[in-house]
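Please read the structure below before turning to the comments.
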Amino acid sequence: MNYMLLIIGKQDAQPLPEGGPSLMEQFMAYHQSVMDAGVMVDSNVLDSFETATSVQVSSSGERIVTDGPFAETAEYLGGYYLLDLPDLDAAIDWAARCPGARAWRVEIRPIQFMPGS
Amino acid sequence: MTGARTVDPIEAVFREEHGRLLATLVRQFKDLDLAEDVAADAMEAALTRWPVDGVPTTPLAWLITTARRKAVDRLRRDSAFASRLAILHIEANELAPAPRDPETGDIPDERLRLFFACCHPALSLDAQVALTLRCLGGLSTAEVARAFLVGEITMQQRIVRAKRKIRSARIPFRVPGRQELAVRLPAVLRTLYVIFTEGYAASDGADLVRVDLSEEAIRLARIAHHLLPGEPEVTGALALFLLVDARRAGRVDDSGELVPLEEQDRTRWDADRIAEGRHLTAAALQAPSPGPYAVQAAIAAVHAEADQVATTDWAQIVALYDVLSAMAPSPVVTVNRAVAVAMRDTPEAGLAVLDSLDPTELAALRGYHRLPAARADLLRRMGRNDDAASVYRDALDLVGNDRERRFLLRRLAEVVGVDAMNLGVDGRHL
């Protein structure tokens, strides 16, 4: 079963606080352990929320393009790991090991089962 | 009448074995929904077979075997579950008990192990408790709903939501390792507390107490205490159960009717349980930061120390309720505190405490019969008989237990000055 581990940062906190390089090193080590465990499906780091663009299409088909992720959002998505794991306890373990859980917060979302997929 | 006599023992078996049946099936299938469905199937089968064949000598074994067979049938019909069928075949044929995890083998009770397994922190605390009570504690949805002061439909929805998360997020049904026990303890203790309370003061039905439930809660709290002797809240919960349960023999008269605290013959209280409960309370209170169970145990211990209501240290009880309110605020605590204030000072002072409940708290207590029952009792003691009568009727509208209903009817008869026999079952026939 696939679980998305969303690494959620806070807008008012620095994405990389004091000792940033060491956090980077922690992430590299974590990334390596995910690879070694053979549970990796996909992972990416998203660029800063300041580069985000939101798109909505109104009922009349009009495109509404706005700058930024979401008005007044306190949290932003910084990156993710998509992992193939047996159950939620395993996902909680991997989330707890993720340096993002110490620096910010990691949200686990199960990937919905798609019939026929 | 013959029909009723054949059905009653079967229902008694269901009531007694439902929790254990579900627990066994959940352990085997690792799937709450499937376990509940086939448990219901098995009981339905029992309802047709047992009146004809008689109740089997080991009804639980019969129900488990039947439920397993129903599970195989169900899974066969549904090809999506084919993979689980294979697992089921293996487990159904495996007569040995579930393999003991060396890490957790030290929870020396199957039921307690399952309680810890069900109280998964990925569910909200309320959802953990509700699910555990419903699926493993042998309580009905209505009883669980009453314990949470919510309607049955709301509780049903909460349980469905929790089960949906278990399924969708694949929350495993697994006995946690020793280091995880402390995290799950609050939910497990709350579960035991609700089971104990439902046993000591049944919210529904004909009998005031359901000894099977209160004794089970005490038994499991005792095991938890031996397992985690350094957890003051486990000590506190066990102390509370023992001290409250010690009054059981005094709380019911020979004909099964409720005897209120002020009329109880305290020589009928269980001195051994009181001694043990007081000892444990003292231990729980010595912790650096005693929790709500320890404080409630202390309140029960103050009651147990007095030989009658008049010599009870009500000032101490009010002070302890103040501590409890600060620690774990709840409108139910306010109601209990009001009763204690009335005893310490005057019924008017108690009434003032009840009147301090704000609209949100009153809304939370909407279905709680003990609020109007307490208010009516204060009005009765103030001699405001007409007001008391009207509020006793409100309590009668909400009360679920037959013995408590009869007690409230007797009080109502007292304040309206008639014989209780002349009152209708809801007290509104006057």
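These protein sequence lines map, in sequence, to chains A and B.
All letters in the first sequence, in the order written, are residues 1006 to 1122 by the numbering used here.
All letters in the second sequence, in the order written, are residues 8 to 437 by the numbering used here.
Built from N, CA and C at the ideal position, the CB exists for glycine as well.
Note that the coordinates shown come from a computational prediction; the quantities given were computed from them, not determined experimentally.
Counting the other Cβ atoms within 10 Å of the Cβ of B/Ser-210 gives 16 or more, which makes it buried.
Distance from the CA atom of B/Cys-125 to the CA atom of B/Glu-43, rounded to whole angstroms, is 14 Å.
Contact check for B/Ala-291 against B/Ala-246 passes: the beta carbons are separated by less than 8 Å. For B/Ile-114, the closest Cβ of chain A is not nearer than 8 Å.
With its beta carbon less than 8 Å from one in chain A, B/Arg-177 belongs to the interface. DSSP places A/Glu-1080 within a strand segment (E or B) once states are collapsed to three.
For B/Lys-37, the secondary structure class from DSSP, reduced to helix, strand or coil, is coil.
Remark: three or more beta-carbon pairs, one from each stretch, lie closer than 8 Å, so the stretch 1072-1092 of chain A and the stretch 1007-1014 of chain A are flagged as touching. Here the stretch 172-189 of chain B does not lie against the stretch 145-164 of chain B, with fewer than 3 beta-carbon pairs under 8 Å apart. The C-beta distance from B/Phe-414 to B/Leu-268 rounds to 12 Å, too long to fall under 8 Å, and the pair is not in contact.
Taking every protein chain shown into account, the CB of B/Asp-272 has fewer than 16 other CB atoms within 10 angstroms, so this residue is exposed. For A/Leu-1088, the closest Cβ of chain B is not nearer than 8 Å.
The Cβ neighbour count for A/Asn-1049, taken over all protein chains shown within 10 Å, is under 16; the residue is labelled exposed. Contacts between B/Arg-181 and chain A, judged by CB atoms closer than 7 Å, involve Asp-1094 in chain order. Shown here for B/Gly-357: same chain residues with a beta carbon closer than 7 Å to its own, the five before and five after excluded, namely Ala-345, Val-346, Val-348, Ala-349, Leu-385 in chain order. Within the stretch 126-156 of chain B, the residues whose Cβ lies closer than 9 Å to some Cβ of chain A are His-127, Pro-128, Ala-129, listed in chain order.
Our two residues, B/Leu-199 and B/Gly-206, have alpha carbons roughly 10 Å apart in a direct line. In the three-state reduction of the DSSP assignment, A/Ser-1059 falls in the strand class. Distances from the alpha-carbon of A/Thr-1071 to those of A/Arg-1102, A/Gln-1061, A/Glu-1080, A/Ala-1079 put A/Gln-1061 closest. A/Gly-1043 counts as exposed, since fewer than 16 other C-beta atoms from the protein chains shown sit within 10 angstroms of its C-beta. Annotated three-state conformation of B/Ser-363 is coil, per DSSP.
Cβ-Cβ distances below 8 Å link A/Gln-1016 to Phe-1054, Thr-1078, Ala-1079, Glu-1080, Tyr-1081 in the same chain, with the five nearest sequence neighbours on each side left out; the list follows chain order.
Where B/Ile-324 is concerned, the enclosing alpha helix (DSSP H) starts and stops at 321-334. For A/Tyr-1035, same chain residues with a beta-carbon under 7 Å away, outside a window of 5 residues either side, are Arg-1102, Cys-1103, Pro-1104 in chain order. Contacts with chain B at 8 Å (Cβ-Cβ) include A/Met-1006. In the structure shown, B/Pro-58 adopts helical secondary structure according to DSSP, grouped into three states. The straight-line gap separating the alpha-carbon atoms of B/Val-201 and B/Arg-84 is approximately 38 Å.
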